[in-house]
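A quick write-up on the structure given underneath.
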Amino acid sequence: MTDTTATPELAPLPGVFARFIGIITSPKATFEAVVRNPRWVGMLMLICVLSGANQFALTSTERSRQAMLEMQVKQMEKMGVTVTDDMYARMQTQQTSPIARVFALVGVFIFFPLFLIFLPAAIFYAVFNAIMGGTAQFSQIVAVLTHSWVVLTIAGFLTTGMALASGTVQTSVANLGVLLPMLTEGSFAANLAGSIDLFRVWFVIVLAMGLGVLYKRKTANIAMGLFTVYAILAVCFSYFTRAKG
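Here the sequence shown stands for residues 5 to 249, numbered as in my numbering.
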């Protein structure tokens with residue numbers, strides 16, 4: 005007797021824009037589809053294009069360019085660098101240079117994949133596969149990490165929108181420092197509060213959810229480990245960028 009039982013086919017992977025929305029509305033279901041079919045190039049290109057558009061928009065007006073320059077100067081001074089008049093003039097010239105703007109746009113397609121996707125993915129592969137005995141493919145980790153970046157891409161658009169509207173550029177529009185204006189600017193406490201950002205917290209939760217789906221582990225346990233790393237980095241960054249004196 006011939007077996008006529010049909011083998012159920014896996015649902016096809018949603019399109020890149022559907023996955024972009026899915027990370028916001030139904031992240032677990034989206035990650036389940038991504039883990040089954042770890043395509044990440046399209047999402048990576050979309051995020052790079054959107055991030056590049058953000059960078060280009062921030063240099064599109066004199067007001068936003070000046071705000072970016074002032075923010076860069078403040079960050080350099082926090083790290084103990086004295087910005088001279090000559091340095092300030094060179095930085096100002098670089099911002100208005102068409103070549104510099106194009107380089108910043110193209111640089112997103114180089115810097116972002118190498119340092120914000122592939123390097124962290126290699127670290128996750130070493131931790132979860134080599135140390136903890138997981139069996140995920142590297143492409144699956146890259147896919148999970150790339151899709152998680154949807155959250156921070158949205159944060160970038162909000163930051164750019166606020167900058168263009170107000171003429172002031174902030175590294176984040178949803179950090180704890182906004183709620184604690186009484187803290188001395190540039191102090192360790194102010195820097196630490198500024199490092200606690202709603203979108204970064206959301207990103208960590210979404211990433212933990214994706215890794216949980218991939219490795220079949222509890223999201224809470226992975227999130228706890230990621231938040232521990234986040235806290236250590238925030239403390240170190242806040243200490244070394246505090247105002248001297």
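Using N, Cα and C, we set each Cβ at its ideal position, and we do this for glycine too.
Predicted model only: the values in this text are computed from it and were never measured.
Please state the DSSP three-state secondary structure of residue i.
| i | result |
| --- | --- |
| Asn179 | strand |
| Gln141 | coil |
| Leu230 | helix |
| Arg69 | helix |
| Val148 | helix |
| Trp206 | helix |
| Ser242 | helix |
| Gly19 | coil |
| Glu36 | helix |
| Leu237 | helix |
| Leu187 | coil |
| Ser64 | coil |
| Val53 | helix |
| Phe24 | helix |
| Pro31 | helix |
| Thr11 | Confidence in Thr11 is poor, its pLDDT being 38 and thus under 50, which makes the residue's placement unreliable; the coordinate value appears in the next sentence. Coil at Thr11, not helix or strand. |
Hey, does residue i have any beta-carbon neighbour from chain B nearer than 8 Å?
| i | result |
| --- | --- |
| Lys222 | The question asks about chain B, but that chain is absent: this structure has only one protein chain. |
Which residues mark the beginning and the end of the alpha helix (DSSP H) in which residue i is found?
| i | result |
| --- | --- |
| Asn41 | Unbroken run through Asn41: none, as it is neither H nor E. |
| Ile121 | That residue, Ile121, is in no alpha helix (DSSP H); it is neither H nor E in DSSP. |
| Arg221 | Taken as a continuous stretch (DSSP letters only), Arg221 belongs to no alpha helix (DSSP H), as it is neither H nor E. |
| Ala130 | First-last for Ala130: undefined, no H or E at that position. |
| Leu109 | 102 to 115 |
| Val85 | From DSSP, Val85 is part of no alpha helix (DSSP H); its letter is neither H nor E. |
Who does residue i pair with in a DSSP beta bridge?
| i | result |
| --- | --- |
| Asp201 | Asn179 |
For residue i, verify whether its CB is less than 7 Å away from any heavy atom of the ligand NAP.
| i | result |
| --- | --- |
| Thr150 | Absence of the ligand NAP from the depicted structure is noted, as is the absence of any ligand whatsoever, leaving it without description. |
Q. Does the region 204 to 216 come close enough to the region 154 to 164 that 3 or more CB-CB pairs lie under 8 Å?
A. At 8 Å Cβ cutoff, the stretches touch.
Q: Taking 8 Å as the threshold, find out whether the region 42 to 49 comes into contact with the region 70 to 87 through three or more Cβ pairs.
A: Touching, no.
(Q) Across the region 127 to 138 and the region 27 to 34, are there enough close Cβ pairs to call them in contact, namely three or more that are closer than 8 Å? (A) A contact between stretches requires three or more CB pairs, one per stretch, nearer than 8 Å, and the region 127 to 138 fails this requirement with the region 27 to 34.
(Q) Could you check whether the region 84 to 91 touches the region 104 to 113, counting it as contact only if at least three pairs of C-beta atoms, one from each stretch, sit closer than 8 Å? (A) Contact fails: fewer than three Cβ-Cβ distances are below 8 Å.
Q) On the three-pair Cβ rule with 8 Å, is the region 159 to 166 touching the region 211 to 231? A) Judged by Cβ distances under 8 Å, the region 159 to 166 makes no contact with the region 211 to 231, as fewer than three pairs qualify.
Q) Should the region 229 to 244 be regarded as contacting the region 188 to 203, the criterion being three or more beta carbon pairs within less than 8 Å? A) Three or more beta-carbon pairs drawn from the region 229 to 244 and the region 188 to 203 are found closer than 8 Å, and the two stretches are therefore classed as touching.
Q: Mind the definition here: the region 89 to 102 touches the region 178 to 189 only if three or more C-beta pairs lie below 8 Å; say whether that holds.
A: No contact exists between the region 89 to 102 and the region 178 to 189.
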